[in-house]
Amino acid sequence: MAAGPALRVCKASSCNFAQGPQNFYQIMGRPCMADYISNMPENVISNILNRLPLTEAVTTSILAKNWRFKWTLLTDVILDEDFFYFLKSKFEGMHVTRLLLQLKGPIRRFVFSVEPKPLFAKDNFNYEEIHAWLLLLGQQGIEELLIHNWYSEPVTLPTQMYTRLELKHLKLHWCTLPSLVSFEGFPNLLTLELLSVKFLTGTIWDFIAGCPSVESLKINRTDSKEMRLLDIARPGNLKKLYLSFSLLNQVTTMTTYNISQLSSLPKLESLTLDFQECKLLEEGSSWMNVPVAFVSLKNLNLSGVDFGNNAMVAFIIQMIRGAPRLQMLETRCVLACSPLLKNLYIKPYTLHDDHNENVMMNWELARELLKLHRASPTAVVEFF
Numbered sequence: 001m002a003a004g005p006a007l008r009v010c011k012a013s014s015c016n017f018a019q020g021p022q023n024f025y026q027i028m029g030r031p032c033m034a035d036y037i038s039n040m041p042e043n044v045i046s047n048i049l050n051r052l053p054l055t056e057a058v059t060t061s062i063l064a065k066n067w068r069f070k071w072t073l074l075t076d077v078i079l080d081e082d083f084f085y086f087l088k089s090k091f092e093g094m095h096v097t098r099l100l101l102q103l104k105g106p107i108r109r110f111v112f113s114v115e116p117k118p119l120f121a122k123d124n125f126n127y128e129e130i131h132a133w134l135l136l137l138g139q140q141g142i143e144e145l146l147i148h149n150w151y152s153e154p155v156t157l158p159t160q161m162y163t164r165l166e167l168k169h170l171k172l173h174w175c176t177l178p179s180l181v182s183f184e185g186f187p188n189l190l191t192l193e194l195l196s197v198k199f200l201t202g203t204i205w206d207f208i209a210g211c212p213s214v215e216s217l218k219i220n221r222t223d224s225k226e227m228r229l230l231d232i233a234r235p236g237n238l239k240k241l242y243l244s245f246s247l248l249n250q251v252t253t254m255t256t257y258n259i260s261q262l263s264s265l266p267k268l269e270s271l272t273l274d275f276q277e278c279k280l281l282e283e284g285s286s287w288m289n290v291p292v293a294f295v296s297l298k299n300l301n302l303s304g305v306d307f308g309n310n311a312m313v314a315f316i317i318q319m320i321r322g323a324p325r326l327q328m329l330e331t332r333c334v335l336a337c338s339p340l341l342k343n344l345y346i347k348p349y350t351l352h353d354d355h356n357e358n359v360m361m362n363w364e365l366a367r368e369l370l371k372l373h374r375a376s377p378t379a380v381v382e383f384f
């Protein structure tokens, strides 16, 4: 068998890290391995730096002279809670502008979390600086943009963001999007999450129509006055859908026929429906004859289900029957949302051949169920 390449070692007795990363620490008199990291290709070093928190990646500039500007190879810029906690009140918007200007690019991923005080000094920042950042990012061919806003007022985004045709992943929380008049769509977008998002003009459904390639879609608390599920069902590539039926500041009224339109998604594999603040109406007996066939569905997650609503319960049963490939079914708030519930029967899935192991798993599950709030004072939970 041929011998592998020999490792180069530093045999100098004076080897120490003060000489830079050319040599690692010499421990207990052992020879130190020569530096291979500094000589790696730039794309490899960039990949390593992207896995570090931003503050630590920038700190690598003090390791040695040849590492002074290695951090400018970053392609991911993550300004999250940890980042603001590190800076505390020292953060200013111009710090981000300077950082973006120094990066060699391209910047592929940008995450900005508008944190509440005391982590975020809003007095030293204004939302117009986000406009300047997006302009810089647009010149870098950004592919992933995430903005999480935890302040009481929404972040208003500029019209320039509509020119980011390279975007593949877009996640916005508590933002106001500009007029859709100049919106030509995101043809390459694969992931779209809109949480508490408002539109100056146009609707969320017009926005979704401009994203024909989207595969993962999450909508929660939109400001739309209606739920146009037919528009959601149009993207033929949709594989994962999270849909909350609650609109901002109002209760949603839906019909079983409306929801059945989602079954026209041929590639849908994962579906999460949140019925909280949703009133489901029954359209006579004719809706029972409407075929509901989720031919590719593997995971179904239901929350906020009102088991006192006959139309809702009957429709869920019809959904399950129409999903021949269903592998996982998860329902939440069964006990908390069912004031008339009398009996709940649970048959745990057997994962182990060991009888004692299964008994312990059932015991843990029962103990957790006893902690849950019950809307029905007479509800009985039975295992079989």
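Under UniProt numbering, the first residue of the sequence shown carries the number 1, and numbering increases by one thereafter.
All C-beta atoms in this analysis are idealised placements derived from N, C-alpha and C, irrespective of residue type, glycine included.
Secondary structure note for GLU215: it is in no alpha helix (DSSP H), with a DSSP letter that is neither H nor E. Remark: C-beta atoms of LYS240 and SER216 approach each other more closely than 8 Å.
The distance from the Cβ of LEU300 to that of ALA323 is about 7 Å, consistent with a contact at the 8 Å cut-off. Ranking ILE48, SER224, LEU167 by CA distance to the CA of LEU195 puts SER224 first. According to the DSSP secondary-structure assignment, LYS198 is paired through a beta bridge with THR176. In the displayed model, LEU165 falls within coil according to three-state DSSP, outside both helix and strand.
Proximity to THR191 across GLY185, PRO106, LYS267, LEU170 peaks at LEU170, based on C-alpha coordinates.
If you check the CB distance, THR252 and CYS278 come in under 8 Å. DSSP, reduced to helix, strand and coil, places THR222 outside both helices and strands of the structure shown, so it counts as coil.
By the CB criterion at 8 Å, GLU269 and LEU229 fall outside the cutoff.
Counting along the chain, GLU92 sits inside no alpha helix (DSSP H), nor does DSSP assign it H or E at all.
In this structure, the alpha-carbon of PRO53 lies about 21 Å from that of LEU136. ASN149 carries a strand assignment under DSSP once its states are collapsed to helix, strand and coil. Residue range 310-321 is occupied by the alpha helix (DSSP H) that includes VAL313. Taking C-beta separations shorter than 6 Å and ignoring five residues to either side along the sequence, the partners of GLN276 in its chain run SER246, GLY304, following chain order. Apart from sequence neighbours up to five positions away, the residues of its chain that approach GLY185 with a beta-carbon distance below 7 Å are GLY210, CYS211, ordered along the chain. DSSP places LEU329 within a strand segment (E or B) once states are collapsed to three. Looking from the CA of LEU280, the closest CA among PHE315, ASN149, LEU172, VAL295 belongs to PHE315. The distance from the Cβ of THR201 to that of SER179 is about 4 Å, consistent with a contact at the 8 Å cut-off. About 17 Å separates the beta carbons of SER263 and ALA311, which is beyond the 8 Å limit, so they are not a contact pair. Exclusion of the five residues before and after ALA132 leaves THR97 as the residues of its chain whose Cβ lies within less than 7 Å of its Cβ. Distances from the alpha-carbon of LYS104 to those of ASN126, GLY141, TYR85, VAL114 put GLY141 closest. In the structure shown, PHE207 falls within a helical segment according to DSSP collapsed to helix, strand and coil. 8 Å or more divides the Cβ of LYS218 from the Cβ of LEU189. Counting along the chain, LEU243 sits inside the beta strand (DSSP E) bounded by residues 240-244. Following the DSSP letters along the chain, one finds LEU271 inside the beta strand (DSSP E) bounded by residues 270-274. Relative to the Cα of VAL114, the nearest Cα in the group LEU134, SER182, MET94, SER152 belongs to SER152. Each residue's CA atom was taken as its position, placing VAL44 and TYR127 some 34 Å apart. A straight-line Cα-Cα distance of about 11 Å links PRO41 and ILE48.
In the structure shown, PHE110 falls within a strand segment according to DSSP collapsed to helix, strand and coil. Contact check for LEU74 against ASN50 passes: the beta carbons are separated by less than 8 Å. When DSSP states are grouped into helix, strand and coil, LEU135 belongs to the helix group.
Cβ contact annotation for GLN327 (same chain, cutoff 8 Å, sequence separation greater than five): LYS298, ASN299, in chain order. Excluding sequence positions up to five before and after LEU146, its CB lies within less than 6 Å of the CB of VAL111, LYS171, all in the same chain and listed in chain order. When secondary structure is reduced to three states using DSSP, ASN66 falls in the helix class.
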